[in-house]
Structures are given as C-alpha cells and as structure tokens.
Amino acid sequence: MRKNALIAAMLSVALASFAWGQSNANGIGYFALEVPANVTITIDGDDGDWAWFDPIFTVGPDEMYEIQKAEVLDKSDLDVAIMTAWTGTDRDNRLYGFVRATDDTLVVTSDVFDDGWRDDDLEIITDANASGGPHDGDGESGTRAEGQQFTMHLPVPGIYETPYGGDGSWWLRWQVVEEIHWMDEFAESRVTTNPPGATTGSTNVTVNYEYSIPLWDYASLDGADNSIRHENEAGQIIRLTYQLNEADNPEDRRTHQLATAGEDGASGNCDVCSEYTLLGADEYDRADGGEGTAVESESWAKIKATFSD
27 MRKNALIAAM
37 LSVALASFAW
47 GQSNANGIGY
57 FALEVPANVT
67 ITIDGDDGDW
77 AWFDPIFTVG
87 PDEMYEIQKA
97 EVLDKSDLDV
107 AIMTAWTGTD
117 RDNRLYGFVR
127 ATDDTLVVTS
137 DVFDDGWRDD
147 DLEIITDANA
157 SGGPHDGDGE
167 SGTRAEGQQF
177 TMHLPVPGIY
187 ETPYGGDGSW
197 WLRWQVVEEI
207 HWMDEFAESR
217 VTTNPPGATT
227 GSTNVTVNYE
237 YSIPLWDYAS
247 LDGADNSIRH
257 ENEAGQIIRL
267 TYQLNEADNP
277 EDRRTHQLAT
287 AGEDGASGNC
297 DVCSEYTLLG
307 ADEYDRADGG
317 EGTAVESESW
327 AKIKATFSD
C-alpha cells in the first residue's frame, strides 16, 4: 500500500511539473525525509547526525544539471551528495540540509558577501508554499517576500565572514534590502573542510555545508512577527533548488553551476525552481535500521531510471 502511494506521489510530481512548468533536473522532482523522532541534528558540519538518512534519496551530480554551459562535469573535478530533511510543528518546524562537495581545487577569494557566487559556493533557493514567480512578488526589488536565495560560503577570517549562521557562512543575496536580513538571523549553518584549514589553492578538498532554517510563506520587511511561517507536513511539495557554484582558479572565478533545477533562472524566479516532496518518517527505509521502506531500493532505482530516460 505504501509503495503504491509513493509511486502515485511521484507521478503527481511529474504531472505537476509538466502542467506548471516546473524545472526538475532529474525529470521527477526530489525528496526531503522527516527527521526520525529519536534523532536530533546538530549543525556542526559533520554528517554523523545523518546516519539514518536513506541513501536512495541522496542527490548526486547525475541527478543535476549544469546550467551555465550545459556541460557534463567530470566527478574528478566536482562531485556532490545532497541530503535534505525536515521537521514538523510537533518539533522545531525547520528544513535541514547536508551537502558534501568534493572539489579538485578550492577557490574562496571573495570579500563581498553578494559576490560569493564567483567562488566555490552553495545556493539554497526556497519557495515554501510553491507560489512561484519572482522572489520579490509584487513588491519592490530586493524585498524577497515570496522567495529567497540563501547562500553558504566557506568563511575566511578577515575576508569573508557574515554576521549570520553561527560561523559567518550564511547570507541572503542578491542585492536585497537591509531590512529583510532578519531572515538570516534564524539560520543555523556550518561549513567545514577536509582536510581542515583548506583554502584557496588547496587540492582534493571536501567541503561540508550543513544548515537548518525555518521556511516562510510570506516574508515581511517588518520582521518575523509580521510574516507567515510555513508549517511543514508530510506530503507537501515545496519549491527548493540547490545550486553549487564551481570555480577552477582565482583568475577565472566561477566556471560552472550544478543545479537541481533543469534551467537557469531560479535565483530570481521560482517558476523554474525544482520541487521537493516531504516524506513522512514511515515512508522511507532508515539506513541505520527501523521501519520498512515505502519503495524498496531496487524499485526506486528503476523508477528514477525510467523518468530520466
């Protein structure tokens, strides 16, 4: 029964994408898993809290699209693994993510928060109620009432350290009005590297981006009390896009951008954002044991292959 329900959900996602022009690089959309009741995720840049996550729902480069040059990136140049999770109103009602990027050469030279995209950098684009359209809605430029382009960048002491996220890695961009940065105050983020201390010019580096944020159906310039916080529930489809910026050297800066969206434009308009379905804790197979899965691993792999043909 659960297997049939999830297959039906995936078909609904595919049909909705066709009907409304959604842009999923993998052709069907993506999935965020409810954090199990006995798991607490600490935002520390370590994936130890994610041992429960069903790897079938981890997003890799084969399920993403390079939106700047439409080139297939060799995994020796850039590899990525994305895990997305959520909690409901019975807990802290937040979105969680862990993104592991393995890069042949690290570039983090920007000293302007809005220009972090020129480096190796992660963008997290949200439209919680899937309303679509420009991030500013009907408001003035930079207000970001309906959608947001949050970003994470490896902090560099004295060069790139934002006031937000807990470690200076979090920033709402691009060219937003100062008043809307209240949203950044709710973010928890941490960026770490392996080897530790890696910086521009370091080779064969793994960068771990971990975050936790509330989602907003409407964001007011007058702060959280005048905004509408989104309430996460199993079965919801939200619009969420990951864009990983890749820079090969400090001179050329960004050369590629790997995204869950199937085309460019999500950074300003969520009509082309990818979709994430929120799966409940009883709808996937815990990697560390527990309840059975809604769709067995082999079946899920076949489904993904079918939709990507």
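Be aware that the sequence shown starts at 27, since it is given in my numbering, and climbs by one per residue. Positions of the beta carbon are idealized from the N, C-alpha and C atoms, including for glycine. Source: prediction; values computed, not measured.
Assuming residue i and residue j are in contact, meaning their beta carbons sit under 8 Å apart, how far apart are those beta carbons, in whole angstroms?
i	j	result
T226	V134	5 Å
D146	D129	6 Å
R216	E187	Going by Cβ atoms, the distance from R216 to E187 rounds to 13 Å, so no, they are not a contact pair.
Q174	W200	Actually they do not touch by this definition, with Cβ atoms about 11 Å apart.
A107	R120	The Cβ separation is near 21 Å, so there is no contact.
D137	I185	5 Å
G295	G159	The amino acid at residue 295 is misidentified as Gly; the sequence shows Asn. Rounded, the Cβ-Cβ distance is 6 Å, consistent with contact.
D75	V65	7 Å
G114	N258	5 Å
E205	L247	4 Å
A307	A63	7 Å
A156	I263	6 Å
Is the beta carbon of residue j closer than 8 Å to that of residue i?
i	j	result
A171	A245	yes
L148	T177	yes
H282	A154	no
D88	N234	no
L59	Y302	no
T267	S238	no
R265	A273	no
I69	E214	yes
S228	L132	yes
L270	T219	no
D162	T152	no
V56	V85	Looking at the sequence shown, residue 56 is not Val but Tyr. Contact: yes.
L304	W78	no
I67	Y122	yes
F139	W197	yes
Tell me residue i's beta-bridge partners as DSSP assigns them.
i	result
S102	DSSP output for S102 lists no bridge partner at all.
A250	Its beta-bridge partners do not exist; DSSP assigns none.
G123	T110 and Y237
E301	R265
E60	W112
D129	L104 and V231
T219	V233
R279	Answer by DSSP bridge pairing: none, since R279 is not bridged.
R255	W242
Exercise. Counting Cβ pairs, one atom from each stretch, are 3 or more of them under 8 Å apart for the segment 83-100 and the segment 283-294?
Worked result: yes
Exercise. For the segment 145-217, which segments carrying the beta strand (DSSP E) assignment without a break, of at least 3 residues, lie completely within its bounds, in sequence order?
Worked result: Entirely contained in the segment 145-217, the beta strand (DSSP E) runs reaching 3 residues are, in chain order, 147-153, 174-178 and 196-198.
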